[in-house]
Amino acid sequence: MKFLASLRARMAAILALAILPLFILSLQVNLEARQRALEQAEGQIRHMAQTVSAEEQQVVGYTRQILQIMANANDLERLDSPDCDGLARRLLGTQPLFNNFGAAQPSGRIVCSGRPMGEAPVDVSERTWFVEAMGNRRFTQGSKVVGKISGKTGVVFGLPVLTPKGELRGAVFANVSMAWFERLLSSLDLPPGWEAGIMDEEANLLVSNPGSSSGISRVSSQTHWQQLMQGGPPTQLLQIEGPDQIERLTLLAPLASTRDGIWFYISAPKTEVLDPAEQTFRLQLLIFLLVALGAGALGFWVTDRNILAWTRKLGHMARRVGQGELDTRIQESQGITELAELERSFNQMASNLAARQQKEREDAQHIAELNRLYSLLSAINQCIVSAESRRELLREVCLIALEKGEFSLAWIGFVDGDNQELTPVMQAGQTDFLHQGERPEGPSPAATAYHSGRLAVVDDIHNNPPSTWRDRALASGFRAAVGVPLSQRGQVVGVLVLYAPQPGVFDSAELHLLEEVGGDISYALDRLDTEAARQVAEARLARLNEELELRVDQRTAELLAANQDLEAFSYSVSHDLRAPLRALSGYSRLLQLEHLERLDEEGQRYVSRIAQASEHMNHLIDDLLRYSRLGRRGVKIVPVQLDSLLQNILSTRQTRIQESNARIDSSHLPEVESDATLLEQILANLIDNALTYHAPEQPPVLDIRAWITPEGWQLQISDQGIGIAPEYHDKVFAVFQRLHPDETYPGTGIGLAIVRKAVQHLGGSIQLQSAPGQGCTFTLSFPTPLPTP
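Numbering-wise, our numbering comes out as the position in the sequence shown, counting from 1, plus 50.
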């Protein structure tokens, strides 16, 4: 062993022997650090995957809650109503993570949408979400589609809408936008060099963090990704060597909320994961080299005093950190710079781990708080939808605030109109605190909220100015309170007051939620009052209908009695009055036939006048009977040929026409749908008037026309008779209204009254155009089809 003969060699050997254990120890520490780094990286990756899964389940649960609210909302009583569109638009306006909300009928046709629909119908009957929602009658997981209305890529969830009997009315849907995936990834705090992304089953990248389209190709080829996905979710982390020859730790898993192959991956370069351990190892080698080049004894002393002692301290500190003591720190030495740098790195690592652990606690607390708030909002909204009375609504709101909101006391009060005090009408929790009303001008949040019409928040009751309310609240164990104003028809009428045992619990998100809760409760109060008013109005309307039916029955009975009286009168006229009239007419006719030569000229004139009066009376009775029977006979609608009807009427008056040299012109008259008997009376009376009322030296001239109109048909009869002054146009249609003495123009004064009554019985109208010496034009208008009499 000649090489050890030299002192330097021995010192070198001693130094080598001294350094070798340290080198071996450093190598072991490095291997352990590498293993810990890999395990830590795997833990980080799996934690991030759990974060993604938790966020995903939260969004799915929230989506399901929204769809359940939509399916149970009053606005969805009819899927194709404007109220349904309004509900969908309101939801879309408050939910930025959604492309659209809507509803579809059982046929698959979308009839309700938060976004405007085009004129063409939208059919989703072939969509997977719709088929499963209608077939399985349950909430369906999302399917990646391009919306037919929004035109945007998203994941659609569906929920069937059932009647109270369990029958399908259709389905509501929610289209979650791609911003949801971006939100999933943006919530991940990725170390430098790490990548995360979401891709479809064909390995097409949808979103990534950092935002780059090349990350997926750096990790592996598209074909390799597809092969991995076809093999199912791997149970272990994959170590994939990409095209850039860099090996990466990769987690690949499908999103549980989707059903047709949307996967997410998290990838960390192995070199980046092991870099801290490698740096530590290289630094240790450098130190060993420096120590080896130093003097033997001095090097050994420095090594023993600094490196080994520092290594033991570092290992101890590392074990403490590994045991969870993240507040452990190494006091930085003032000696070797390299060791100080390592100490600073270690301290930085411990600080980072502590900060990450704190962030995880805050994230978990924030998620729990969000769950609590959304649960509170959902429960209150369901209560608002299902509450059937004001008392039920207020009771459920207070109970929900305690159960879901975790408050110590919840009460609702309204201002008493007599003493202007806020009087509790419903409460839950520590109700002993509510032993008396609160003045609206008092210092409590209830009074402040009522007086200002805005949320009144007391973050820490202990910091409030001294008052009776403050002392009572602190004595009851309350530290924070908020008053939420409640209004009806735009006027503040009461408050919802919540008390919490911890100070500072009302952050901005919770206050915003409470504002929405106040608005929703106010809306529900208005709705319940409106419903109560509607029920009162319906009851009143029912009473009015009953009274109206009673009046109609009474009026019908009166009309029946009047018709019976009229029948009796007609019978009397037809039989009782005709008997003496026939005797009078018969005896006057006998006098004229057998005893006329015995009478002087004056007696003969008297007998002639008696005969004429009897005949006039007989005509008058006939006209009265025809007039009275018009209102009692039914209308029988049949096809009537006006030409034939007119010829029949003229044939019965042929003698009068020839004696008066009358001329009657009529163009081709159409066939109409009407009552032949009533039309015959109308035409006969108007023709008789024209044959009667004309100048003695001028023969009668009649022009009869008829034509079809869009509204029905019209009949016009014109003559060149003596005419009627305008001031008598209405008078001539009344019964017994005559403008001339019987000696000049004989008649009964009932003919035009019969005409007008017959026209009205047919649902028509009559107009008269006339002036003295210019004849008359009667225009009759009839509707088609005729109204039911």
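Ideal placement from N, C-alpha and C gives every residue a C-beta, glycine not left out.
Taking 8 Å as the cut-off, decide whether the C-beta atoms of residue i and residue j are in contact.
i           : j           : result
residue 556 : residue 509 : yes
residue 578 : residue 443 : yes
residue 749 : residue 740 : no
residue 165 : residue 131 : no
residue 686 : residue 725 : yes
residue 503 : residue 543 : no
residue 180 : residue 197 : no
residue 121 : residue 209 : yes
residue 296 : residue 330 : no
residue 433 : residue 453 : no
residue 782 : residue 765 : no
residue 693 : residue 733 : no
residue 283 : residue 302 : yes
residue 714 : residue 754 : yes
residue 376 : residue 404 : yes
residue 367 : residue 238 : no
residue 898 : residue 318 : In this structure the chain extends from 51 to 839, so residue 898 is not present and cannot be described.
residue 570 : residue 430 : yes
Quick check: is the beta carbon of residue i nearer than 8 Å to any beta carbon in chain D?
i           : result
residue 721 : This model lacks chain D altogether; it includes just one protein chain.
Considering only residues of the same chain and omitting the five flanking positions on each side of residue i, which have a CB-CB separation below 6 Å?
i           : result
residue 493 : 517 and 519
residue 182 : 190
residue 820 : 773, 774 and 826
residue 809 : 816 and 830
residue 823 : 773
residue 531 : 495, 508 and 549
Can you tell me whether residue i is buried or exposed? The criterion is at least 16 other CB atoms within 10 Å of its CB, across all chains shown.
i           : result
residue 222 : buried
residue 757 : exposed
residue 711 : exposed
residue 688 : exposed
residue 488 : Note that residue 488 scores a pLDDT of 48, beneath 50, so its modelled location is shaky; the value from the coordinates is reported in the next line. Its Cβ being crowded by 16 or more others within 10 Å, residue 488 is buried.
residue 736 : buried
residue 378 : buried
residue 636 : exposed
residue 316 : buried
residue 583 : exposed
residue 300 : buried
residue 650 : exposed
residue 529 : buried
residue 312 : buried
residue 495 : buried
residue 638 : buried
residue 653 : exposed
residue 225 : buried
residue 513 : exposed
residue 71  : exposed
Within a Cβ cutoff of 7 Å, which residues of the same chain sit near residue i, ignoring the five residues on either side of it in sequence?
i           : result
residue 112 : 424
residue 490 : The predicted position of residue 490 is uncertain, since its pLDDT is 44 and thus under 50; a value taken from the coordinates is nonetheless stated next. Only 465, 470, 472, 497, 500 and 501 meet the Cβ criterion.
residue 240 : 246 and 259
residue 56  : Note that residue 56 has pLDDT 43, beneath the 50 cutoff, so the model's placement of it is unreliable and no number is given.
residue 155 : 129, 161 and 220
residue 538 : 572, 575, 576 and 579
residue 534 : 499, 505, 545, 546, 564, 567 and 568
residue 397 : 379 and 380
What residues in its chain sit with their C-beta under 8 Å from that of residue i, if we drop five residues either side in the sequence?
i           : result
residue 236 : 259
residue 363 : 380
residue 833 : 761, 762, 813 and 814
State yes or no: is the C-beta of residue i nearer than 7 Å to some heavy atom of the ligand GTP?
i           : result
residue 540 : Ligands displayed in this structure: none; no statement on the ligand GTP is therefore possible.
### Task
Decide yes or no for the touch test of the region 428-439 against the region 524-535: beta carbon pairs closer than 8 Å, at least 3 of them.
no
### Message
Three or more C-beta pairs under 8 Å: does that hold for the region 300-308 against the region 182-193?
### Response
yes
### Query
Is the region 66-84 in contact with the region 172-184, if contact means three or more CB pairs nearer than 8 Å?
no
### Message
When you compare the region 547-566 with the region 592-611, are there three or more beta-carbon pairs, one atom per stretch, that lie closer than 8 Å?
### Response
no
### Query
Three or more beta-carbon pairs under 8 Å between the region 208-216 and the region 225-234, yes or no?
no
### Task
Could you say if the region 139-159 and the region 453-463 meet the contact criterion of at least three C-beta pairs nearer than 8 Å?
no
### Query
Which runs of the beta strand (DSSP E) spanning at least 3 residues fall entirely within the region 526-580, listed in chain order?
530-538 and 541-550
#### Entry: Inter-stretch contact (C-beta, 8 Å, three-pair minimum) for the region 100-107 and the region 126-137
no
### Message
To test your reading of the DSSP string, which unbroken beta strand (DSSP E) runs of 3 or more residues are found completely within the region 256-330?
### Response
288-291, 297-304 and 312-319
#### Entry: Length at least 4, wholly inside the region 390-443: the alpha helix (DSSP H) runs in chain order
none
### Task
Kindly provide the ranges of any alpha helix (DSSP H) runs that are 4 or more residues long and lie completely inside the region 707-751, ordered along the chain.
726-742
### Task
Write down every uninterrupted run of the alpha helix (DSSP H) in the region 228-254 whose length is 4 residues or greater and which is fully enclosed by it, in chain order.
229-236
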